[in-house]
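Colleague:
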Amino acid sequence: MVSTPHIAVIGGGSTGVGIARDLAMRGLDVTLVEQGNLTHGTTGRMHGLLHSGGRYAVSDQASATECIEENRVLRDIASHCVEMTGGMFVKRPEDSEEYFQEKLQGCKECGIPAEVVSGEEARQMEPHLAKDVEKAITVPDGAIDPFRLVVANAASAQEHGARIETHSKVTDLLVEDDEVVGLEVEHASGPGKRVHGTEGGTEAIRADYVVNATGAWAGRIGDMAGLDIAVRPSKGVMTIMNVRQVDTVINRCRPKGDADIVVPHETTAILGTTDEEVEDPEDYPEEQWEVDLMIETLSELIPMLEEARTIRSFWGVRPLYEPPDVGSEDPTDITRDFFLLDHEERDDLPGMTSIVGGKFTTYRMMGEQISDHVCGKFGIDAACRTADVPLPGSEDFSVLRDYMDEFGLRSPIGRRSVERLGSRADEVLKTDGPNPTVCECEGVTRAEIQDAIGQSGSDLNAVRIRTRASMGNCQGGICTHRMASELHGEYDESVVRDAWDELLQERWKGQRHALWGEQLSQAALNYALHATTQNRDNDPAGGDPVDFAAFDTGVDHTGDSGPADVAADGGTPDGD
Amino acid sequence: MSDAQPTDFDPVEPNTGEDFEPVEVFPDSDDFDLRPGADSCYKCSVCDTNCPVAEVDDDFPGPKFQGPEQWRLKQTDDGYEIDDSVMSCSNCMRCDSACPSGVPLSQMHNTARGEYVEEQMDKLSVEYVRNRILSNYRLSASIASKVPRLANFAMNFGPARWAMEKTMGVTSERDFPEFAQQTFRQWWAARGGADASRENAIESRERRGEPAEADKKVAYFHGCYSNYNTPEVGKAMVHVFEYFGYEVVAPEQKCSGTPMFANGMLDDARRHAEVNVSSMSDLVDEGYDAIASCTSCSMALRQEYPELFDIDGIEDVASNTYEAIEYLRIHEDVKGEIESAEVSGELAEEFAYHAPCHARNQGLERQAVELFRDLDGVGVEDVGDSCSGISGTYGWKEEKYEKSMEIGDEMFEHMEHAEGETGMTECPTCAMQMEHGTGYEIRHPLELVEAAVVE
Numbered sequence: 001m002v003s004t005p006h007i008a009v010i011g012g013g014s015t016g017v018g019i020a021r022d023l024a025m026r027g028l029d030v031t032l033v034e035q036g037n038l039t040h041g042t043t044g045r046m047h048g049l050l051h052s053g054g055r056y057a058v059s060d061q062a063s064a065t066e067c068i069e070e071n072r073v074l075r076d077i078a079s080h081c082v083e084m085t086g087g088m089f090v091k092r093p094e095d096s097e098e099y100f101q102e103k104l105q106g107c108k109e110c111g112i113p114a115e116v117v118s119g120e121e122a123r124q125m126e127p128h129l130a131k132d133v134e135k136a137i138t139v140p141d142g143a144i145d146p147f148r149l150v151v152a153n154a155a156s157a158q159e160h161g162a163r164i165e166t167h168s169k170v171t172d173l174l175v176e177d178d179e180v181v182g183l184e185v186e187h188a189s190g191p192g193k194r195v196h197g198t199e200g201g202t203e204a205i206r207a208d209y210v211v212n213a214t215g216a217w218a219g220r221i222g223d224m225a226g227l228d229i230a231v232r233p234s235k236g237v238m239t240i241m242n243v244r245q246v247d248t249v250i251n252r253c254r255p256k257g258d259a260d261i262v263v264p265h266e267t268t269a270i271l272g273t274t275d276e277e278v279e280d281p282e283d284y285p286e287e288q289w290e291v292d293l294m295i296e297t298l299s300e301l302i303p304m305l306e307e308a309r310t311i312r313s314f315w316g317v318r319p320l321y322e323p324p325d326v327g328s329e330d331p332t333d334i335t336r337d338f339f340l341l342d343h344e345e346r347d348d349l350p351g352m353t354s355i356v357g358g359k360f361t362t363y364r365m366m367g368e369q370i371s372d373h374v375c376g377k378f379g380i381d382a383a384c385r386t387a388d389v390p391l392p393g394s395e396d397f398s399v400l401r402d403y404m405d406e407f408g409l410r411s412p413i414g415r416r417s418v419e420r421l422g423s424r425a426d427e428v429l430k431t432d433g434p435n436p437t438v439c440e441c442e443g444v445t446r447a448e449i450q451d452a453i454g455q456s457g458s459d460l461n462a463v464r465i466r467t468r469a470s471m472g473n474c475q476g477g478i479c480t481h482r483m484a485s486e487l488h489g490e491y492d493e494s495v496v497r498d499a500w501d502e503l504l505q506e507r508w509k510g511q512r513h514a515l516w517g518e519q520l521s522q523a524a525l526n527y528a529l530h531a532t533t534q535n536r537d538n539d540p541a542g543g544d545p546v547d548f549a550a551f552d553t554g555v556d557h558t559g560d561s562g563p564a565d566v567a568a569d570g571g572t573p574d575g576d
Numbered sequence: 001m002s003d004a005q006p007t008d009f010d011p012v013e014p015n016t017g018e019d020f021e022p023v024e025v026f027p028d029s030d031d032f033d034l035r036p037g038a039d040s041c042y043k044c045s046v047c048d049t050n051c052p053v054a055e056v057d058d059d060f061p062g063p064k065f066q067g068p069e070q071w072r073l074k075q076t077d078d079g080y081e082i083d084d085s086v087m088s089c090s091n092c093m094r095c096d097s098a099c100p101s102g103v104p105l106s107q108m109h110n111t112a113r114g115e116y117v118e119e120q121m122d123k124l125s126v127e128y129v130r131n132r133i134l135s136n137y138r139l140s141a142s143i144a145s146k147v148p149r150l151a152n153f154a155m156n157f158g159p160a161r162w163a164m165e166k167t168m169g170v171t172s173e174r175d176f177p178e179f180a181q182q183t184f185r186q187w188w189a190a191r192g193g194a195d196a197s198r199e200n201a202i203e204s205r206e207r208r209g210e211p212a213e214a215d216k217k218v219a220y221f222h223g224c225y226s227n228y229n230t231p232e233v234g235k236a237m238v239h240v241f242e243y244f245g246y247e248v249v250a251p252e253q254k255c256s257g258t259p260m261f262a263n264g265m266l267d268d269a270r271r272h273a274e275v276n277v278s279s280m281s282d283l284v285d286e287g288y289d290a291i292a293s294c295t296s297c298s299m300a301l302r303q304e305y306p307e308l309f310d311i312d313g314i315e316d317v318a319s320n321t322y323e324a325i326e327y328l329r330i331h332e333d334v335k336g337e338i339e340s341a342e343v344s345g346e347l348a349e350e351f352a353y354h355a356p357c358h359a360r361n362q363g364l365e366r367q368a369v370e371l372f373r374d375l376d377g378v379g380v381e382d383v384g385d386s387c388s389g390i391s392g393t394y395g396w397k398e399e400k401y402e403k404s405m406e407i408g409d410e411m412f413e414h415m416e417h418a419e420g421e422t423g424m425t426e427c428p429t430c431a432m433q434m435e436h437g438t439g440y441e442i443r444h445p446l447e448l449v450e451a452a453v454v455e
């Protein structure tokens with residue numbers, strides 16, 4: 001037998017990790033590179049809907065059918081990432097009855113369990129629905145945590161021997177004799193786990209085949225080998241509410257339009273979205289009117305949203321693609337289907353395939369098809385197992401535990417922790433040491449933070465997406481410094497400072513479009529707290545290392561004061 | 001809403017039972033929704049730093065956790081449980097007034113506690129039975145007051161108290177309050193009830209140069225303690241209000257619900273509240289204002305009732321309820337009368353005054369000190385803003401007794417430092433604690449007003 005092929009996968013979103021896991025499980029050597037954190041691109045910027053397929057049941061029945069199939073698969077293999085909330089398509093008086101019937105019919109045609117309920121019944125399920133909602137169609141929509149899903153896929157790929165490199169940006173494709181033979185990456189902090197301040201460097205990664213799974217960034221990778229991949233990035237805004245106004249996914253039952261969905265997500269509810277084509281997936285305007293539109297329009301379905309607290313808004317770009325000859329004007333008309341572009345067939349450049357388009361719910365199915373394609377290149381006949389083998393964390397588990405007896409945790413904190421960790425709960429939460437709550441809003445304890453640090457190094461944003469720490473209503477006001485402190489011991493002060501700065505920046509960024517009412521109060525408190533207790537407004541240490549030895553050690557238990565030759569402010573003992 | 005029958009309505013989570021007609025109750029369910037309250041919290045922890053229980057009990061996670069944090073964490077469809085630590089909250093409600101952002105903390109605690117007791121607490125447990133008995137003090141008191149001498153003996157009979165502590169978890173450290181030989185209501189009936197009060201009021205109006213038919217009438221919510229244990233407070237209230245020309249009525253009433261809220265016995269509290277609201281709202285319709293001499297009773301009628309229950313007339317009752325001295329300070333020149341008065345005899349004392357937490361929540365913590373400042377023969381010294389620590393039934397629980405006394409330490413110390421050796425407060429259970437910690441006799445401000453202006 002020839003040696004095992006080595007496949008390089010570019011892109012650490014759902015598609016990339018899905019492919020990496022699938023190929024690794026089939027026994028191939030896999031290296032996945034991602035320019036930022038896992039989920040850095042579009043995956044980390046979606047509303048967390050596990051589609052039933054209902055949204056596509058009229059316009060795109062092929063996608064709808066795929067969605068309901070994958071919806072069932074993910075409930076099974078990714079149970080710790082999914083909350084089966086159920087969903088509804090609600091009809092207001094001004095919405096078309098004809099479309100309502102088409103939607104119902106479409107769901108039936110696609111095998112999506114759908115039932116009509118009256119307005120009263122819908123309000124029994126969701127008391128905050130508008131009183132004039134006439135009726136609704138219930139469907140098996142759900143909520144899914146894209147962060148947890150991607151992290152679990154990457155962990156599974158690693159268990160099967162894959163190498164996962166985050167913060168490693170592809171700077172060039174290696175092309176020899178008119179064939180792609182690998183890629184060149186720039187590591188932000190050296191290979192392996194990210195540690196701030198570690199010297200980076202470039203690495204040439206030779207591969208037998210390259211898969212470009214960079215979504216909206218696919219064109220940029222293509223350019224490196226002179227390929228024209230015309231992805232049409234389309235931005236959408238999502239606004240996060242502080243609490244769940246609904247426990248069911250609420251869709252507006254009308255053909256298409258902005259601001260037509262509310263997804264309950266963990267402790268929050270996410271409002272979405274818009275659909276507007278942009279030039280550059282990394283540089284596009286994020287405007288307040290888009291957020292206002294979400295709240296205003298969705299208040300027609302759920303009136304209390306008008307007065308409710310928003311904690312954050314974020315924008316994502318869909319990696320839409322259509323064959324150039326279709327020529328849709330409006331991005332909402334572009335298909336949500338995915339395209340596999342074999343550059344050998346398409347551009348006479350062997351060695352690489354790009355995958356564009358597609359949607360999160362069907363990431364596994366896309367991975368399966370790409371993996372089949374890649375295996376075909378090498379004449380490997382290995383069955384796909386990703387639909388049957390649960391992800392790490394989703395093996396049999398129950399959230400009904402005695403949290404205090406087993407983990408020493410208060411009931412809602414224990415419950416949230418176990419829901420996030422799934423079958424890994426015992427391994428992570430049963431610790432010998434003290435296990436204080438680090439993030440109070442989301443109920444994240446030290447043990448879970450330490451587990452995440454163990455996976456991802458000093459990157460606190462990577463800790464955040466694994467644990468939800470700092471994603472609650474104070475947006476890190478109370479916990480970012482605590483999270484940073486958890487790095488202490490293993491990492492030096494300068495690493496901790498850099499990691500802390502980066503997390504804070506990221507937390508502030510998303511609040512720019514939530515600064516009114518209660519979240520403005522929160523921001524004011526956070527600022528004051530950070531300025532007055534952490535020198536965050538103007539740090540005299542200013543990046544220079546602090547001479548901690550110059551501080552005294554305080555009063556010890558015997559009542560003696562510390563060494564006499566140092567002062568508590570780091571100055572000289574006589575106060576000069 | 002057309003009647004005051006018990007409903008299945010549960011403020012914690014909307015009832016989605018089959019008989020439930022959501023369109024009918026929808027407008028009301030908005031009022032009970034705690035989402036806006038959870039939205040108001042910005043995690044500053046001022047509630048935690050003001051919580052007297054958190055200060056002494058390291059296992060108690062504090063009001064922020066019990067309220068907005070837990071509410072938000074358990075907000076999903078499936079059966080999240082309430083953490084049992086909510087039973088350690090004493091319901092002093094200091095967090096409510098501490099919060100700079102208007103989070104309805106005590107409402108969150110009360111609903112969570114109600115849910116915990118309803119859904120999770122073992123109804124056969126000693127703790128449940130003990131809490132049920134403690135919170136239904138009115139029932140015990142009404143039986144005991146039929147045979148007050150026997151009750152006074154039995155309730156403080158050593159071996160019986162030892163047995164109560166061992167089997168029920170009621171501390172044997174405290175003396176049970178004495179039951180009066182004649183309850184307030186017995187006195188009131190014997191005195192001629194409302195008719196007698198009207199005559200007295202008219203007489204006072206003539207003396208005061210007011211029209212005989214002046215529209216001055218109040219409905220007295222005496223509560224259980226003034227009725228069964230300290231009728232002298234009730235009598236003082238009647239005398240003082242009549243002196244100022246008010247007709248007093250003493251309508252049918254049950255427990256205000258205060259001890260029931262604190263123990264999560266919301267069904268009991270609702271049953272009592274329905275009687276109270278029903279009789280009070282009829283009177284409010286006729287132009288009466290509701291007056292309480294116990295600050296926890298007025299707190300319950302004003303704040304907890306509309307926050308927790310949906311009973312016809314509840315908002316009207318809440319917005320027309322006052323504490324007795326508060327009411328007089330609003331409508332009468334009671335301060336002027338007191339300035340020109342002089343007290344001699346039994347109440348010519350220096351008083352160590354403690355403002356109850358529930359008085360603080362109603363903005364009444366300075367009223368006694370301000371009112372009596374220029375009263376000749378009397379001195380009133382505020383002993384500070386700490387909590388007395390007993391919080392109704394909290395300090396009666398065997399497992400909370402030590403903590404209750406630790407909370408009370410600051411108040412005891414300040415009382416010792418104060419000049420007087422008589423205590424004063426509006427709250428019956430604070431009075432128990434003050435007496436227990438210092439041995440002082442404790443009086444109610446109404447008694448002093450009576451001594452100053454009536455006698």
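For the record, the sequence lines run as chains F and R.
Quick note: the first sequence uses full-length UniProt numbering, first residue 1, plus one each step.
Quick note: the second sequence uses full-length UniProt numbering, first residue 1, plus one each step.
The C-beta atom is built at its ideal place from N, Cα and C for all residues, glycine as well.
These numbers were taken from a predicted model, which means no experiment stands behind them.
Could you compute how far the alpha carbon of phenylalanine 179 of chain R sits from the alpha carbon of glycine 67 of chain R?
Modeller: Taking the straight line from one Cα to the other gives about 37 Å.
Colleague: Cα-Cα, which of F/Glu493, F/Gln505 and F/Leu529 is closest to valine 546 of chain F?
Modeller: Of F/Glu493, F/Gln505 and F/Leu529, the residue nearest in Cα terms is F/Glu493.
Colleague: Output yes or no for whether 8 Å exceeds the beta carbon distance between lysine 108 of chain F and isoleucine 137 of chain F.
Modeller: No; because the gap between Cβ atoms is not below 8 Å, this pair is not in contact.
Colleague: Please report the straight-line C-alpha distance between aspartate 96 of chain R and serine 106 of chain R, rounded to a whole angstrom.
Modeller: Distance between the alpha carbons of aspartate 96 of chain R and serine 106 of chain R: 6 Å.
Colleague: Does isoleucine 413 of chain F get closer than 8 Å to chain R when you measure Cβ to Cβ?
Modeller: So yes, isoleucine 413 of chain F belongs to the interface.
Colleague: Between arginine 123 of chain F and proline 233 of chain F, is the Cβ-Cβ spacing less than 8 Å?
Modeller: No.
Colleague: Say whether the stretch 382 to 402 of chain R touches the stretch 73 to 91 of chain R, bearing in mind that this needs 3 or more beta-carbon pairs closer than 8 Å, one atom from each stretch.
Modeller: The answer is yes - the stretch 73 to 91 of chain R touches the stretch 382 to 402 of chain R, with three or more Cβ pairs under 8 Å.
Colleague: The alpha helix (DSSP H) with glutamate 370 of chain R in it runs from where to where?
Modeller: Looking at the DSSP string, the run of the alpha helix (DSSP H) that includes glutamate 370 of chain R is 367 to 371.
Colleague: Does DSSP put glycine 16 of chain F in a helix, in a strand, or in coil?
Modeller: In the structure shown, glycine 16 of chain F sits in a helix (DSSP, three-state: H, G or I).
Colleague: Please list the terminal residues of the continuous alpha helix (DSSP H) segment that includes serine 411 of chain F.
Modeller: Here the alpha helix (DSSP H) through serine 411 of chain F covers 411 to 421.
Colleague: Could you check whether the stretch 340 to 349 of chain R touches the stretch 69 to 80 of chain R, counting it as contact only if at least three pairs of C-beta atoms, one from each stretch, sit closer than 8 Å?
Modeller: Segments in contact, no.
Colleague: With H, G and I counted as helix, E and B as strand and the rest as coil, what does DSSP make of histidine 128 of chain F?
Modeller: Reduced to three states, the DSSP call for histidine 128 of chain F is coil.
Colleague: From the DSSP output, in three-state form, read off threonine 167 of chain R for me.
Modeller: Helix, per DSSP.
Colleague: By the criterion of Cβ-Cβ separation under 9 Å, what are the contact partners of arginine 113 of chain R in chain A?
Modeller: Within the model displayed, chain A is absent; protein chains F and R are what it includes.
Colleague: Report the rounded CA-to-CA distance for isoleucine 7 of chain F versus asparagine 212 of chain F, giving the unit in angstroms.
Modeller: If you take the alpha carbons of isoleucine 7 of chain F and asparagine 212 of chain F, they lie about 11 Å apart.
Colleague: Tell me the DSSP bridge mates of serine 88 of chain R?
Modeller: Paired residues: none, contrary to the question.
Colleague: Does the stretch 354 to 361 of chain F come close enough to the stretch 41 to 60 of chain F to have 3 or more Cβ pairs within less than 8 Å?
Modeller: A contact exists between the stretch 354 to 361 of chain F and the stretch 41 to 60 of chain F.
Colleague: Taking only beta-carbon positions, decide if methionine 88 of chain F is within less than 8 Å of chain R.
Modeller: So, not an interface residue.
Colleague: With valine 233 of chain R and histidine 417 of chain R assumed to form a contact (beta carbons below 8 Å), what rounded beta-carbon distance in angstroms separates them?
Modeller: Contact doesn't hold; Cβ gap of about 26 Å is too wide.
Colleague: Just to make sure I have the definition right: I need the residues of chain R whose C-beta is within less than 8 Å of the C-beta of asparagine 242 of chain F. Which are they?
Modeller: In chain order: Ala38, Asp39 and Arg72.
Colleague: If you follow the beta strand (DSSP E) that valine 90 of chain F is in, where does it begin and where does it stop?
Modeller: Looking at the DSSP string, the run of the beta strand (DSSP E) that includes valine 90 of chain F is 87 to 91.
Colleague: How is leucine 104 of chain F classed by DSSP in three states: helix, strand or coil?
Modeller: Here leucine 104 of chain F sits in helix by DSSP.
Colleague: Taking the alpha carbon of serine 485 of chain F as the reference point, which residue from F/Val246, F/Ile250, F/Glu276 and F/Pro436 has its own alpha carbon closest?
Modeller: Checking every option, the nearest Cα to that of serine 485 of chain F belongs to F/Pro436.
Colleague: For aspartate 342 of chain F, which residues does DSSP report across the bridge?
Modeller: Its beta-bridge partners are F/Thr353.
Colleague: Within 10 angstroms of the Cβ of phenylalanine 153 of chain R, are there 16 or more other Cβ atoms? Answer buried if so, exposed if not.
Modeller: Classification for phenylalanine 153 of chain R: exposed.
Colleague: What distance in whole Å lies between the Cβ atoms of alanine 162 of chain F and alanine 20 of chain F, which are believed to be in contact at a cut-off of 8 Å?
Modeller: Indeed, because the Cβ distance is near 5 Å, the residues count as touching under 8 Å.
Colleague: Quick one: which residues of the stretch 72 to 91 of chain R get their C-beta closer than 9 Å to a C-beta of chain F? List them in chain order.
Modeller: Hits within the stretch, in order: Arg72, Leu73, Lys74, Gln75, Thr76, Asp77, Asp78, Gly79, Tyr80, Glu81, Ile82, Asp83, Asp84 and Ser85.
Colleague: So, is the C-beta of isoleucine 478 of chain F closer than 8 Å to a C-beta in chain R?
Modeller: So yes, isoleucine 478 of chain F belongs to the interface.
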